[in-house]
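Q:
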Amino acid sequence: MATMRNRTVLKIQQNMNILNKPVEEKNVEFLANDYSIGNINIFSLIQKKKNNILDYVSKLISKNGQRNSAAIIKRTDENSKMFINCNKRKACGTTVGFFGIAFIIIFLLVPAIWRYSPSIQKRMIFLNHDHMPKVQNYSHPEVYGLRGTRNFYIDTKDNVTLGVWHILPSNLFVKYGANESNYEQLLSHGESIIIYMHGNSGARSNNQRIELYRKLRDINCHVIAVDYRSYADSTDVEIDETGLVSDAMETFKWVYERAHGSPIFGWGHSLGTGIGAHAFSLLEKENIYPHGLILEAPFNKMSEAIREYSTTKVLRYFPWFDFFIIDPVIENGIVFDTEQNLKNAKVPVLILHARDDIIIPYQLSENLYNYIKASRKSELTELILFDALYGFGHQFICRDNGIKKKIEKFIQNCLKTTS
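In terms of my numbering, the sequence shown has 272 at position 281, counting the first letter as 1, and numbering is strictly consecutive.
1. Quick one: grab the DSSP three-state call for MET188.
2. Give every residue of the same chain whose Cβ lies closer than 6 Å to the Cβ of LEU163, excluding the five residues on either side of it in the sequence, and list them in chain order.
3. What separation, rounded to the nearest whole angstrom, lies between the Cα atoms of ILE185 and LEU286?
4. Quick one: using the 10 Å Cβ neighbour count with 16 as the cut-off for buried, is SER179 buried or exposed?
5. Since TRP105 is in the alpha helix (DSSP H), which residue starts that stretch and which ends it?
6. When we look at the beta-carbon of LEU153 and count the other beta-carbons within 10 Å, is it buried (16 or more) or exposed?
7. How far does the beta strand (DSSP E) with HIS157 in it extend, from its first residue to its last?
8. Counting along the chain, where does the beta strand (DSSP E) carrying THR412 start and finish?
9. At which residues does the alpha helix (DSSP H) containing ILE398 begin and terminate?
10. Should GLY190 and SER261 be called a contact, given that it needs their Cβ atoms to be closer than 8 Å?
11. Mind checking SER416: buried by the 16 CB within 10 Å criterion, or exposed?
12. Quick check: the Cα distance between ARG114 and ASP121, rounded to an integer number of angstroms?
13. For ASN291, count neighbouring Cβ atoms within 10 angstroms of its own Cβ and tell me buried if that reaches 16, exposed if not.
14. Should ASN119 be labelled buried (16 or more other beta-carbon atoms within 10 Å of its own) or exposed?
15. With PHE164 as the anchor, note down where its alpha helix (DSSP H) starts and where it stops.
16. Between ILE255 and PHE243, is the Cβ-Cβ spacing less than 8 Å?
17. Sorted by chain position, which residues of the same chain lie with C-beta nearer than 7 Å to PRO132's C-beta, five sequence neighbours on each side aside?
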């Protein structure tokens, strides 16, 4: 019996130790005196006590847990706000830095580079090596779908060679198209001759230009399409306004010597309008009088074309715009002042412009028309604007269904005026 009691006391002590609850020796002994109690009830009592302690601990943990959880959530909330605010400050700083750098590049660095780099000015204005056709076989115009077309070259007085196409009128192509040796002689056959002066970039073989050649040949006009110096297969030399205008004049004189009275017109597009207007005004000073000049998508002067160009619009409101952007171009000899060049010219002028032209706004054509109309009241000056709904833009006035009739009418009016 004593041995059993000792075992019971030992078990009680072990259970109490597990519960981490100090138990006095006498209490344990008292409970163990009764064998039946020690053997049966003591452990249920201990288990009950254990459960009570566990409940208490659980409640304590739960209570403290809620308190601690609330504190943790609060601290997390505060940390999140601090993190967000920190990120906002960083993002704001990054944005300000980005726009600051962009401002310096766009509004200070680029204008400075433009002003002090004449070569960049010429490169960007003339684009003489850009947008070249994938196929560059100028010696065989039939590759571009042009039959009845002769490729040849004109040598200028300053040792520049110009690549040229001569597209026969439809009526002559049927009879003489196969024999290129007749092409020069056919210039004196009596049909109107149109010297085409293209805009910047590309060559005489660009698709939209070929579309126009076909329209002009359909109304029985010769087309002489020339590539200025440094364009296409013409001599690649330094390019400037003087050289381009000289090329147009040399081409006109070459045709003039062979036309023997056949009417000669000029058709300039975009930059070609500035070249043509300048060249024809100088020809008049040499007592050579073209029969008419068609200006497609012209500007009144280069400075205004630059000012209205989409890329420079964002800069033009700054007080230093003229100093950095306009003045250096003029100082570089790129003026193309069509208003002044046509101010006293006698050549009849037809201006064509699409209202949806985003390269050269049609308002510049209106300005040009109003200026030369007021300054040369007795000369034929016409303006035709094409509605934006047609979508002709800067290059495709040739797709107008009535373009042939408009050109034929202008040619007839010019011949009446000059006869």
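C-beta atoms are modelled at their ideal positions from N, C-alpha and C, and glycine is treated no differently.
A: In short, the structure shows the following:
1. strand
2. LEU177
3. 12 Å
4. exposed
5. 101 to 106
6. buried
7. 152 to 158
8. Since the first residue shown for the chain is -8 and the last is 410, residue 412 is missing from the structure and cannot be characterised.
9. 394 to 409
10. yes
11. This structure cannot settle anything about residue 416, because the visible part of the chain is limited to -8 through 410.
12. 9 Å
13. buried
14. buried
15. 161 to 167
16. yes
17. THR140, ASN142, TRP156
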